[in-house]
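Residue numbering for the sequence shown follows the numbering used here, starting at 1000 and increasing by one per position.
For every residue, glycine included, the Cβ atom is placed at its ideal position computed from N, Cα and C.
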Amino acid sequence: MPREKGRKLVAQNRKARHDYHIENTYEAGIVLTGTEVKSLRQGRASLVDGYAAVEGGEVWLYGVHIPEYTQGTWTNHEPRRKRKLLLHGEEINKLVSKTRESGLTIIPLS
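So this is what it looks like as structure tokens:
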């Protein structure tokens, strides 16, 4: 079965757009394991309780639920583990200053 061309939106946090005022958006990569990628391709993820925090100059994503892959065995991942976000250094510095100065929260949108 050939893959579809273009980008597919695998998860969206619609509730966040309603509950929060969005000041800025950033596009970041996520470090995932193999079974997490397969589970996301099935469209199984929840961003509702997710948030990000800067620790040691790196941005980590917490509270995002990616269920275990159904065909996975002992190689399956932990569904709510913390995941590293990949951002440029300038973007990380901006996020650090925004969260420290004004007490803002970093949340995943999609």
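Residue i, enclosing alpha helix (DSSP H) - first and last residue
{"i": "V1030", "result": "Premise fails: V1030 is in no alpha helix (DSSP H) and is neither H nor E."}
{"i": "L1094", "result": "G1088 to S1101"}
Test item: CB-CB of residue i and residue j under 9 Å
{"i": "R1082", "j": "L1046", "result": "no"}
{"i": "L1094", "j": "E1057", "result": "no"}
{"i": "T1034", "j": "H1076", "result": "yes"}
Beta-carbon separation (whole angstroms), residue i vs residue j, contact threshold 8 Å
{"i": "I1115", "j": "Y1050", "result": "The chain is shown only over 1000 to 1109; residue 1115 falls outside these bounds and no answer can be derived."}
{"i": "G1042", "j": "V1009", "result": "6 Å"}
Limits of the unbroken beta strand (DSSP E) element including residue i
{"i": "L1085", "result": "R1082 to L1085"}
{"i": "A1051", "result": "Y1050 to E1054"}
Straight-line Cα distance separating residue j from residue i
{"i": "T1069", "j": "E1100", "result": "43 Å"}
{"i": "K1037", "j": "L1031", "result": "10 Å"}
{"i": "L1039", "j": "I1065", "result": "7 Å"}
{"i": "T1098", "j": "A1044", "result": "26 Å"}
{"i": "Q1011", "j": "G1071", "result": "24 Å"}
{"i": "E1089", "j": "R1080", "result": "26 Å"}
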